[in-house]
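Taking it in order: structure first as structure tokens, then the write-up.
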Amino acid sequence: MASVPSLASSVNQRVADALASALPEAGGADPLLRRSDRADFQANGILALAKKAKANPRELATTVVEGIPTGELIQEIEVSGPGFLNITVADRAIISTLAARAADDRLGVPLNASAGTTVIDYAQPNVAKEMHVGHLRSAVIGAAMVEILEFTGEKVVRRHHIGDWGTQFGMLIQYLLEHPHELDHKSGDGDEQASGEEAMSNLNRLYKASRALFDSDEEFKTRARARVVDLQAGEPETLALWQRFVDESKIYFYSVFNKLDMDIQDPDVVGESGYNDMLVETCKLLEESGVAVRSNGALCVFFEDVKGPDGNPTPLIVQKSDGGFGYAATDLSAIRDRVTNLGATELIYVVDARQSLHFKMVFETARRAGWLNDDVKAVQLAFGTVLGKDGKPFKTREGETVRLVDLLDEAVERATAVVREKAEKVGLTEAEIVENGQYVGIGAVKYADLSTSAARDYKFDLDQMVSLNGDTSVYLQYAYARIKSILRRAGDRKPVAHPELELAPAERALGLHLDGFGELIAEAAAEHAPHKVAAYLYQLSSLFTTFYDQCPVVKPDPGQVVGENRLFLADLTARTLAKGMSLLGIRTPEKL
Ligand code: ARG
Numbered sequence: 001m002a003s004v005p006s007l008a009s010s011v012n013q014r015v016a017d018a019l020a021s022a023l024p025e026a027g028g029a030d031p032l033l034r035r036s037d038r039a040d041f042q043a044n045g046i047l048a049l050a051k052k053a054k055a056n057p058r059e060l061a062t063t064v065v066e067g068i069p070t071g072e073l074i075q076e077i078e079v080s081g082p083g084f085l086n087i088t089v090a091d092r093a094i095i096s097t098l099a100a101r102a103a104d105d106r107l108g109v110p111l112n113a114s115a116g117t118t119v120i121d122y123a124q125p126n127v128a129k130e131m132h133v134g135h136l137r138s139a140v141i142g143a144a145m146v147e148i149l150e151f152t153g154e155k156v157v158r159r160h161h162i163g164d165w166g167t168q169f170g171m172l173i174q175y176l177l178e179h180p181h182e183l184d185h186k187s188g189d190g191d192e193q194a195s196g197e198e199a200m201s202n203l204n205r206l207y208k209a210s211r212a213l214f215d216s217d218e219e220f221k222t223r224a225r226a227r228v229v230d231l232q233a234g235e236p237e238t239l240a241l242w243q244r245f246v247d248e249s250k251i252y253f254y255s256v257f258n259k260l261d262m263d264i265q266d267p268d269v270v271g272e273s274g275y276n277d278m279l280v281e282t283c284k285l286l287e288e289s290g291v292a293v294r295s296n297g298a299l300c301v302f303f304e305d306v307k308g309p310d311g312n313p314t315p316l317i318v319q320k321s322d323g324g325f326g327y328a329a330t331d332l333s334a335i336r337d338r339v340t341n342l343g344a345t346e347l348i349y350v351v352d353a354r355q356s357l358h359f360k361m362v363f364e365t366a367r368r369a370g371w372l373n374d375d376v377k378a379v380q381l382a383f384g385t386v387l388g389k390d391g392k393p394f395k396t397r398e399g400e401t402v403r404l405v406d407l408l409d410e411a412v413e414r415a416t417a418v419v420r421e422k423a424e425k426v427g428l429t430e431a432e433i434v435e436n437g438q439y440v441g442i443g444a445v446k447y448a449d450l451s452t453s454a455a456r457d458y459k460f461d462l463d464q465m466v467s468l469n470g471d472t473s474v475y476l477q478y479a480y481a482r483i484k485s486i487l488r489r490a491g492d493r494k495p496v497a498h499p500e501l502e503l504a505p506a507e508r509a510l511g512l513h514l515d516g517f518g519e520l521i522a523e524a525a526a527e528h529a530p531h532k533v534a535a536y537l538y539q540l541s542s543l544f545t546t547f548y549d550q551c552p553v554v555k556p557d558p559g560q561v562v563g564e565n566r567l568f569l570a571d572l573t574a575r576t577l578a579k580g581m582s583l584l585g586i587r588t589p590e591k592l
């Protein structure tokens, strides 16, 4: 395991050193190196530094250039414009750096020196309720964040904060008590998908029936309310029935997560009920410290800048006046648990942007209580709404929530058709067609979600998602499979780096982009921005396409060794693509 400094960081260091000797007071300043169209890199920082030191920018830039030897690393460096530097690196440096990356399992990507422990709250559906596209987003974005952070060396604890508590359970449990076979499975032990669907359809039916009874039958309503009290008191029979709802829901959740090719572990599912034992103490701590105050019997936290339409402050209610605890008390208790017991240095919540006010108030409360501070931060990785083709929130034509399972099935169906079209040419068996159809279909759904920045709304458009052209997962999967086929055709020839050979422009462009992988990962991790990984991979595939058009890989003219680096570049591109896609939770079939 060897982390490889990128060319950008090596060049940046050279320029910084030269800058420090040219202008000692600028020692340690960042020359602000960026990729550039005109040369490989441009250093933009000198202008501002010169101005600050009241020096002539062009003169300073010239002195810096004189202090930088050209050779192994930098082939050419010149002053441009009012005081920028244009820098071209040596071909040799590109290939040697990439060779060092290729020799490493981690592709030379450094571990974060200041890694900590992140607790990430994602994939949190609700018990006895159908999952919807919002839960899909949380799951997909959260899973990608987990992988990206772990790849940088962060310790990651997953928490699936499922909605498994609340007064609605009174009605559900009471109904089940009176209709004890409502959750039984009729079809015996079918496959996981079938059991999942049956569990959900039972839960759905029971939910509707108990709601109808609750609304029409006063006596049932009374019994249901008494049941809530039993549940909160932990009465064993009531708790056992509650557990059945949780267990049945989990059968359904896991079937969906499995369809999503997503690994969710039972010990990480710690729902709202998991914090019940802490609620009283949380309230006590908040009240005693004065962070929360009683107002009309309820325990409330007030904020300067949170007001309702009437201009009166809207408090965060930690305990209702009837003594009940809600969503906020649970989230505050979860923060205490995650910080104190799990040792978190960062908390990430992958939750719909429509809950942003809740989290703003919860985080601020936790800061006032001292549970969050400069060493322990909490952030909401807020995501936007999934829209239909019409630009309105995604619903069926009848205005109902779209069932996630149907959506995923349709994606896989369409993808399978796309895969089948090329199957003969590629030589895929029927089993491979089915498997690739899943990888492409599920990949398409995930990529569509991950390729726009989370905060933005996006349109759920299956036609676009499985399109072979444009910024789609299948485009990336094809790029990967194509490289694999090239490597297979190369037979015995191994992808070996030849730093002594000159590079064609398309080779250089591809090589320089490959070299940026480590920095990209660090950036995506720090900014919680999986879409940056998607954008990087898309650009990588595009650069590969250009490279492949311009530079024959397998059959160069006889005796023309210039092809040697090409096989090496192709191989490293494939490995980088596969790694990046796996961080996004997307498979890369070898043949497509
Ligand atoms: N179950 C909630 C929902 O479906 C999301 C939970 C988010 N996490 C949290 N700690 N509040 O909207």
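Residue numbers for the sequence shown follow the numbering used here, beginning at 1 and rising by one. Even for Gly, the Cβ is constructed at its ideal location relative to N, Cα and C. None of these values were measured; they are calculated from a predicted model.
Q.
Buried or exposed for residue 338, going by 16 or more other Cβ atoms inside 10 Å?
A. buried
Q: Return helix, strand or coil for residue 582, following the three-state DSSP convention.
A: helix
Q.
Whole angstroms are fine: how far does the CA of residue 99 sit from the CA of residue 163?
A. 49 Å
Q) Does at least one heavy atom of the ligand ARG sit under 7 Å from the Cβ of residue 140? A) no
Q.
When you measure from the CB of residue 274 to every non-hydrogen atom of the ligand ARG, does any distance come out below 7 Å?
A. no
Q) Is the CB-CB distance between residue 144 and residue 583 below 8 Å? A) yes
Q: May I have the straight-line CA-CA distance separating residue 320 from residue 279, to the nearest angstrom?
A: 12 Å
Q.
According to DSSP, simplified to helix, strand and coil, what is residue 574?
A. helix
Q: Quick one: grab the DSSP three-state call for residue 311.
A: coil
(Q) Taking 7 Å as the cut-off, is the C-beta of residue 252 nearer than that to any heavy atom in the ligand ZN? (A) By its list of ligands, the structure shown excludes the ligand ZN, since it contains just the ligand ARG.
(Q) Quick check: what's the CA-CA separation for residue 178 versus residue 234? (A) 19 Å
Q) On the three-pair Cβ rule with 8 Å, is the segment 470-483 touching the segment 537-553? A) The segment 470-483 makes contact with the segment 537-553: 3 or more CB pairs, one atom from each, lie closer than 8 Å.
Q. Out of curiosity, what's the CA-to-CA distance linking residue 356 and residue 380?
A. When the Cα atoms are used, residue 356 and residue 380 turn out to be separated by approximately 7 Å.
Q: Starting from residue 295, trace the alpha helix (DSSP H) both ways and give me its first and last residue.
A: Not the alpha helix (DSSP H): residue 295 falls in the beta strand (DSSP E), residues 293-295.
Q.
My output table needs one value for residue 265: the three-state DSSP class, helix, strand or coil.
A. coil
Q) Between the C-alpha atoms of residue 526 and residue 101, what's the straight-line distance to the nearest angstrom? A) 22 Å
Q. Does the beta-carbon of residue 180 have 16 or more other beta-carbons within 10 angstroms, so that it is buried, or is it exposed?
A. With fewer than 16 other CB atoms across the displayed protein chains lying within 10 angstroms of its CB, residue 180 is exposed.
Q: Would you identify the three-state DSSP class for residue 527, choosing helix, strand or coil?
A: coil
(Q) Quick check on residue 365: does DSSP put it in helix, strand or coil? (A) helix
Q. In three-state DSSP terms, what is residue 553?
A. coil
Q: Helix, strand or coil for residue 249, going by three-state DSSP, please let me know.
A: The answer is helix: DSSP assigns residue 249 an H, G or I state.
(Q) Quick check: residue 363 and residue 382, are their CB atoms within less than 8 Å of each other? (A) Cβ distance not < 8 Å, so residue 363 and residue 382 don't count as in contact.
Q | N-terminal and C-terminal residue of the alpha helix (DSSP H) that residue 151 is part of | A | 133-151
Q | For residue 276, three-class secondary structure by DSSP | A | It is helical.
Q: Alpha carbon to alpha carbon, how far is residue 219 from residue 126? Give it in angstroms, no decimals.
A: 27 Å
Q) Does the ligand ARG have even one heavy atom less than 7 Å from the beta-carbon of residue 351? A) yes
Q) If residue 554 sits next to residue 486, beta carbons under 8 Å apart, how far is it from one beta carbon to the other, in whole angstroms? A) 6 Å
Q) Cβ of residue 466 within 8 Å of Cβ of residue 414? A) yes
Q) Which whole-angstrom value describes the C-beta separation of residue 568 and residue 496, a residue pair presumed to lie in contact below a C-beta threshold of 8 Å? A) 6 Å
Q: Mind checking who residue 78 pairs with in its DSSP beta bridge?
A: 86
Q) Near residue 538, what residues of its chain come up, given a Cβ to Cβ distance below 6 Å and the 5 sequence neighbours on each side ignored? A) 471
Q. In the structure shown, what three-state DSSP assignment does residue 483 receive?
A. Reduced to three states, the DSSP call for residue 483 is helix.
Q.
Which residues does DSSP list as the beta-bridge partners of residue 41?
A. 35 and 87
**Q.** Cβ neighbours of residue 16 in the same chain (closer than 6 Å, five flanking residues each side left out)
**A.** 31
Q. Can at least three beta-carbon pairs, one atom from the segment 393-410 and one from the segment 127-136, be found at a separation below 8 Å?
A. yes
(Q) Taking 7 Å as the cut-off, is the C-beta of residue 341 nearer than that to any heavy atom in the ligand ARG? (A) no
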